[in-house]
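Peer 1: Protein chains in written order, with our numbering: chain A, 32 to 464; chain B, 216 to 625.
Before I ask anything, here is the structure I am working with.
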Amino acid sequence: MSGLPLEGIRVLDITVVWAGPFATMLLGDLGAEIIRVESLKHFPTATRGIMVKPPKAAMKGKLGASYPNREPGEMPWNRFSWFNHSGRNKLSMTLDLTKAKGKEIFKDLIKISDIFIENNAAATMDKLGLNYQVLSRVKPDLIMVSMPAFGNTGPYKDYKGFAPVIEALSGHTLLRGYKDSDPSQTGVPVYHSDACSGATAAFAAMLALYHRNITGEGQFIDMSQAESMMPHLGEAMMEYTMNNRVLEPIGNRSPYSVPQGCYRCKGDDKWINITIASDEEWENFCRIIGHPDWICDERFSDILARAKSCDEVDRLIEEWTQKHNPYEIMHLLQKGGICCGPVMSEEDALSDPHLKEREFFLDISHPESGTHPHPGFIWKMSETPAVVKRPAPCLGEHNDYIYKVLLKKSEEEIEQLKKEGHIGTEYLVDDNG
Amino acid sequence: MENKEQINIRQPLHGVKVLDLTHYIAGPYCTKLFADYGAEVIKIERPGEGDGSRRLGPFPDDRPHPEKSGLFLHLNTNKKGITLNLRTQSGVRIFKELVKWADILVENFEPRIMPNLGLKYETLKEINSRLVMTSISNFGQGGPYRDYKASEIVLYGMGGAMFSTGLPERPLKLAGSMIQYQAGTFASVPTMGALLAGKIQGVGQHVDISIMESQLGSVDRRAQNILSFAYSGETAFFRSTRLGLLILPHGRYPCKDGFIEYAGAEPVFWPKWLKMLEMPELLNDPRFKDITDLTYKDEFEAIFLPWLIEHSKQEAMEKAQNAGVPGAALKTTEDVLNDPHLQERGYFFEIDHPETGKIKYTGAPFKMEKTPWKITRPAPLLGQHNEDVYHGLLGYTKEEMKTLRSIGVI
């Protein structure tokens, strides 16, 4: 086995919420040293919790589900599932960047780092006086990835955008929906853009690294999360640019395969997705479920007929699926070459035999949250397999290493930095700002 | 160190060679990312039919034509295209010559195909020890579901957040083919990591991407839900009309001329909401003192919904954003193509193609200051670069190419 691909690369991370932390999680999985620079005086929402100290009422609600045993503990920011998922393999230090001394220390860190990634509102680094122009004077071959919602230029550059905002403005939201339904009635938002832009930022950082290895040059990367996701809407975009046509939502159906749907199964909230791509598959399907009579039924005999009577086809399929468990259906139909699979609940996923055999979930022990199965790596590499070197860091957990070992600060200096609110392990702000 | 002029026009992946054995969406999107940032990508297609996406639309004027598929054109920019029949011995031999040439091989066949062709990683490693081979598949290269069939919706249901997406009445998939694009995006990360490891350490390796797992380990709220479930036996996100974590609105609401989406349902946004509504007095309203208490949610909506109906989607968005509230108008594809922000950033990019003429495409996923994203050529016609590659790169004579063509190898 060899060293990990990014061993020896140091990444400074001022990322918040989901997209940015995902980018640095991936770089950490590839072996980079990730240093989260956090502030005791600013609680970035939806990162280490949506509240510093969530009240009891919130623990009873859905938010409480994100804490072990619904207990926020003394330091809830160290027990929050969203952060503890994407925090693996990272270090945490605390530093107040609004103070002159904080800026100075940050620049010292930049000097000994390779990559700096941030996904704050576009003006944040300018306001702090720590934008690329300033930082690249300190470290000329610095690679900086800045990934605000809509990029660093243009009329929306200062817009605040969580994933649902990005999905809405990039056109995904109106394309995603039940057929003929009111767009406000399609349920909770989705977060595809976080997943996409996080991974794209990791790719971008490595492109710059590759270039730096050859030329010695660093550079600035301006990534709009929305723009990184919009190519994923290729068919809809091309339909418009080729034919001036705006696609309508088609629910769970497919433009290429009929039938396709999400069908109710036996049990509480159990579902199976089925896609039938050809006449041959349709015939197999009819035989397997005991309805060979449908093969010759002129309402369903070929794809065009099935498309015309798709509501009826869906109804008949669901009559059958409702009598069976989704896993049974999957194994039965897949044996006959039919594409299908259960809509897995979190519980289903955690006990799924395929994922077990592939050892997807990782048991990680966290000092304040306990030992739990965590979602694993998104790749398997034969020579440089990813490893969990450490669980998600508690706030300020690695202050000692960073201030003493990396920055060579004396005990006196560290004491002073504690007094000034740079170094610590607890937030100095409450939920009123 | 190269001279300045070369550096100025250099793309980041200049000189990187990618052999592209992908089809449909996930694989081609991965290699598109490499091609658009400067790698030399040779895409192999089956003689005669080519990539299956050539049969899928959209097509100009809805007239199907293998050289005019919008999906294919979108996914294969900057690639060179050759035809090669891997079900012949000569085809396999030629493929191995190309493996010698390549730094990276990306394929997204069903996992049994490459070994059946005699082209599994262990064999190819013998030919090129530094080869990075990335295999993208539905369920990964091993495990009980390895040979199961999957589609966009099946993948989302098994790996992704579908169980918590949509209304209680029925789960709902994402639009289009998002999960396959996402898998291609994800695959670019370890592939690039492996390339760096290869260049520095001299090792090649096999990268296994399971589309199912890549979603489970991502951040589209599925992974967060899984860890929450492991923590407490429940999840924060579930199918419902709105995300009701707090009293603040979250989700989509009708306004005067369309719909608006609100995110940011966290306490820190509460005063900003009230600023947006121009109702600062509500800050002291005892009903809304504790915004984690949902008792007065309906009362708040009774104030909020009528306000929305008085505003257009653009106005409502601007008012929200000016007050620091994350709100967005729901845009149609047409709105997006004409969006002033994207226009100012020069996002959409016109590409000329011999069969379709000029068409606008989506642009750079990110802008690199020194090593640009660039379109040098449109997607290839079927077999367009056969001569370039077989004659120019591999040195076959025109005679030999004729023979290979006559027996259906190329």
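Where a beta carbon is used, it is the ideal one built from N, C-alpha and C, also for glycine.
Determine, for residue 36(A), whether the minimum Cβ-Cβ distance to residues of chain B falls below 9 Å.
Peer 2: yes
Peer 1: Using a C-beta to C-beta distance shorter than 8 Å, which residues of chain B count as neighbours of residue 46(A)?
Peer 2: None at all; the shortest Cβ gap to chain B is about 11 Å.
Peer 1: Start and end of the beta strand (DSSP E) containing residue 73(A)?
Peer 2: That residue, residue 73(A), is in no beta strand (DSSP E); it is neither H nor E in DSSP.
Peer 1: Restricting to Cα atoms, I'd like to know which of 107(A), 300(A), 158(A), 148(A) is closest to residue 381(B).
Peer 2: Of 107(A), 300(A), 158(A), 148(A), the residue nearest in Cα terms is 300(A).
Peer 1: For residue 236(B) versus residue 354(B), is the C-beta distance shorter than 9 Å?
Peer 2: no
Peer 1: Taking only the alpha-carbon atoms, compute the straight-line gap between residue 605(B) and residue 318(B) and give it to the nearest angstrom.
Peer 2: 18 Å
Peer 1: Can you name, in chain order, every residue of its own chain whose Cβ lies under 6 Å from the Cβ of residue 495(B), other than the five neighbours on each side?
Peer 2: If we look at residue 495(B) and ignore the five residues flanking it on each side, its Cβ neighbours are 489.
Peer 1: Which residue from 281(B), 528(B), 229(B), 457(B) puts its Cα closest to that of residue 474(B)?
Peer 2: Of the candidates 281(B), 528(B), 229(B), 457(B), the one whose C-alpha sits nearest the C-alpha of residue 474(B) is 528(B).
Peer 1: Counting only beta-carbon atoms, is residue 166(A) nearer than 9 Å to chain B?
Peer 2: no
Peer 1: From what residue to what residue does the alpha helix (DSSP H) around residue 550(B) run?
Peer 2: Looking at the DSSP string, the run of the alpha helix (DSSP H) that includes residue 550(B) is 548 to 552.
Peer 1: Three or more beta-carbon pairs under 8 Å between the segment 423 to 435 of chain B and the segment 267 to 287 of chain B, yes or no?
Peer 2: no
Peer 1: Among 424(A), 234(A), 320(A), which one has its Cα closest to the Cα of residue 366(A)?
Peer 2: For residue 366(A), the nearest C-alpha among the options comes from 320(A).
Peer 1: In whole angstroms, what is the alpha-carbon distance linking residue 106(A) and residue 478(B)?
Peer 2: Approximately 26 Å, taken between the alpha carbons.
Peer 1: Note down the Cα distance separating residue 423(A) from residue 400(A), rounded to an integer number of angstroms.
Peer 2: It is roughly 10 Å from the alpha-carbon of residue 423(A) to the alpha-carbon of residue 400(A).
Peer 1: What residues match up with residue 469(B) in a beta bridge as DSSP calls it?
Peer 2: 474(B)
Peer 1: Tell me the DSSP secondary structure of residue 403(A) in three-state form.
Peer 2: strand
Peer 1: What distance in whole Å lies between the Cβ atoms of residue 88(A) and residue 82(A), which are believed to be in contact at a cut-off of 8 Å?
Peer 2: Not a contact, Cβ separation roughly 11 Å.
Peer 1: Establish whether the CB of residue 217(B) and some CB of chain A are separated by less than 9 Å.
Peer 2: Legend: pLDDT at residue 217(B) = 43, less than 50; position of this residue unreliable, value from coordinates given subsequently. Closer than 9 Å: yes.
Peer 1: What residue does the beta strand (DSSP E) around residue 491(B) start on, and which one ends it?
Peer 2: For residue 491(B), no beta strand (DSSP E) segment is defined; the enclosing uninterrupted segment is the alpha helix (DSSP H) at 485 to 492.
Peer 1: Report yes if the CB atom of residue 226(A) is closer than 9 Å to the CB atom of residue 439(B), and no otherwise.
Peer 2: no
Peer 1: Quick check on residue 558(B): buried or exposed, where buried means 16 or more other Cβ atoms within 10 Å of its Cβ?
Peer 2: Its Cβ having fewer than 16 others within 10 Å, residue 558(B) is exposed.
Peer 1: Who pairs with residue 421(B) in a beta bridge, going by DSSP?
Peer 2: 348(B)
Peer 1: With a floor of 4 residues, list each alpha helix (DSSP H) that falls wholly inside the segment 365 to 448 of chain A, ordered by position along the chain.
Peer 2: 377 to 381, 384 to 388
Peer 1: Among residues of its own chain, excluding the 5 on either side of residue 15(A), which ones have a beta-carbon nearer than 8 Å to its beta-carbon?
Peer 2: For chain A, the structure presents residues 32 to 464; residue 15(A) sits outside this window and is missing.
Peer 1: Alpha carbon to alpha carbon, how far is residue 253(B) from residue 219(B)? Give it in angstroms, no decimals.
Peer 2: Only weak support is given to the placement of residue 219(B): the predicted model assigns it a pLDDT of 47, under 50, and the value that follows is read from those uncertain coordinates. Residue 219(B) and residue 253(B) have their C-alpha atoms spaced approximately 18 Å apart.
Peer 1: With 16 as the cutoff for other CB atoms within 10 Å, does residue 624(B) come out buried or exposed?
Peer 2: buried
Peer 1: So, do the segment 581 to 592 of chain B and the segment 246 to 257 of chain A have three or more beta carbon pairs nearer to each other than 8 Å?
Peer 2: yes
Peer 1: Are residue 427(A) and residue 123(A) close, meaning C-beta to C-beta below 9 Å?
Peer 2: yes
Peer 1: Sort 101(A), 263(A), 269(A) by Cα distance to residue 276(B) and report the nearest one.
Peer 2: When each option's Cα is compared against that of residue 276(B), the closest is 269(A).
Peer 1: List the endpoints of the continuous beta strand (DSSP E) containing residue 579(B).
Peer 2: No beta strand (DSSP E) holds residue 579(B); DSSP gives it neither H nor E.
Peer 1: Alpha carbon to alpha carbon, how far is residue 235(A) from residue 54(A)?
Peer 2: 10 Å
Peer 1: Helix or strand or just coil, what does DSSP make of residue 390(B)?
Peer 2: Coil at residue 390(B), not helix or strand.
Peer 1: Where residue 553(B) and residue 201(A) are concerned, what is the direct C-alpha to C-alpha distance, given to the nearest angstrom?
Peer 2: 11 Å
Peer 1: Distance, Cα to Cα, residue 189(A) vs residue 286(A)?
Peer 2: For residue 189(A) and residue 286(A), the distance between alpha carbons rounds to 38 Å.
Peer 1: Pick helix, strand or coil for residue 165(A), following the three-state DSSP scheme.
Peer 2: helix
Peer 1: Here's a check: name, in chain order, each residue in its chain whose Cβ is nearer than 6 Å to the Cβ of residue 285(B), leaving out the five neighbours to either side.
Peer 2: Correct list, in chain order: 273.
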